[in-house]
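Take a look at the structure set out below.
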Amino acid sequence: MIRIKARAPTGRVAVLPTVWGAVAVGYKFGCPLAQQNGLGARIVTSAVFFAVGTGLIVHVRRSLLRELRLARRAANAAQDVVLRPLPPRLDGIDVAAAQLSADRGASVGGDLYEAIATEHGVRVVMGDVRGHGLAALGTVAALLGSFREAAHDEPGLDRVLRRLDRALARHLRERARAEHPANGSADPDHPVAEEFVTVLLMEIGGDGDLRVLNCGHPWPYALRGTAVEQLTGGDPLPPLGPFPLPTELEVLSCGRLDPGESLVLFTDGAEDARDGQGRFFPLPEALREAVRDHPVSPQAVLRTVFTGLLRHTVGRTTDDVAVLVLRNGRRGAHCNSSGTGRPAATHPQPTTYR
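Everything in the sequence shown is counted per the numbering used here, starting at 444 for the first residue and increasing by one.
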């Protein structure tokens, strides 16, 4: 759990209000002018107390702003640790990511993402915690910490997913005990029992093969030249949290990411964002706009998507938004037996978004 402690007022901070109060009291009882009832004396007395009151308000305001700046600095430092910036390149895969919190003034939210180069390939996680803001930060930290270890340790994505599921269950039990020690973690009516996380696990092999496990998360889009296609792999698994994982987990094969092609992973806040008339943000159209001038970098895709999103919502998003772009920047293509550079017939082809 991450805690941000406010500093206790120091002696220097408390001295000035005390001096101002002493001046006001001393003037009232020690100055002969303050004892007079004339109009001029009343005006002077009012001016003195107005000046003292204004000084106190200005001092308190400056102190609060100072504490707010320190709290925001601590929140930014926490974000850099929990949702750390991704490197621009991982094992030949160009990477760019950005997130937007729904809480005004907050720099962290309930979305999570990570990409790690391992001996098994480049492994990626994209997730969305129920809720947003600082309340979801503990769950994000628990899942990302588990993924960063499991991605290197586990040979299969199915075992990585089970590690994430156990980490989430452990975190929720500890949170329930911390919030309500008397009830423990066995109360089905406890709010923690309703928590869930949608997760998309992906592995990009050295030959560009895509292997995926999806727990209730939106399927990513593939950018192939100027075409925008949405990957699909059948019905996703339930989100992590409310239901146990199946005994057998089948890792899906979702085709191949050839050199020059990109994947766009996102949370549902990107597609569910609405304008003033209730219309959803057209994410596929924004992606088509981004790849109109092909080739395009992952950073350019992010700029186009977030610019369009903020324009669509007039800067008032109601849910956290995270977008992760992965571009295969490796040289050469690994062709199959047909020599096309595309996956064999046993691999399901991505479905074109219509």
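Quick reminder that beta carbons are idealized off the backbone N, C-alpha and C, glycines included.
Outcome for P738 when other beta-carbon atoms lying within 10 angstroms are tallied against a minimum of 16: P738 sits exposed, since fewer than 16 C-beta atoms from the chains shown fall within 10 Å of its C-beta.
Sequence-distant residues of the same chain with beta carbon closer than 7 angstroms to S628, five excluded per side: With a pLDDT of 48 at S628, under the threshold of 50, the modelled position of this residue cannot be trusted, and the question is left open.
For L680, the nearest candidate out of V655, G668, Y664 and V538 (CA to CA): Per the Cα distances, V655.
Distance, F709 Cα to G498 Cα: About 49 angstroms.
Inter-stretch contact (C-beta, 8 angstroms, three-pair minimum) for the stretch 695 to 709 and the stretch 649 to 665: Judged by Cβ distances under 8 angstroms, the stretch 695 to 709 makes contact with the stretch 649 to 665, as three or more pairs qualify.
Per DSSP, the bridge partner or partners of T641: Assignment of beta-bridge partners to T641 by DSSP yields D571.
Buried/exposed call for E510, threshold 16 Cβ in 10 Å: Exposed, since its Cβ has fewer than 16 Cβ neighbours within 10 Å.
Coil, strand or helix - S705 by DSSP: In the three-state reduction of the DSSP assignment, S705 falls in the strand class, which pools E and B.
Straight-line Cα distance separating T641 from G684: One alpha carbon belongs to G684, the other to T641, and they sit about 9 angstroms apart.
Distance CB(V768)-CB(L745) smaller than 8 angstroms: Using a Cβ distance threshold of 8 angstroms, V768 and L745 count as a contacting pair.
Where G719 sits in the DSSP three-state scheme: In the displayed model, G719 falls within coil according to three-state DSSP, outside both helix and strand.
Meets three-Cβ-pair contact criterion under 8 angstroms: the stretch 710 to 727 and the stretch 685 to 695: Result no; under three Cβ-Cβ pairs closer than 8 angstroms.
Those residues which DSSP pairs with D554 across a bridge: Answer by DSSP bridge pairing, in chain order: D571.
Range of the contiguous beta strand (DSSP E) that encloses D596: Counting along the chain, D596 falls outside any beta strand (DSSP E), though it belongs to the alpha helix (DSSP H) covering L580 to D596.
CB contact flag (V748, A729, <8 angstroms): Against a cut-off of 8 angstroms, the Cβ pair of A729 and V748 comes out as a contact.
Where I559 falls, given that 16 or more other Cβ within 10 Å makes a residue buried: It counts as buried.
Span of the beta strand (DSSP E) around V766: First-last of the beta strand (DSSP E) with V766: V764 to N771.
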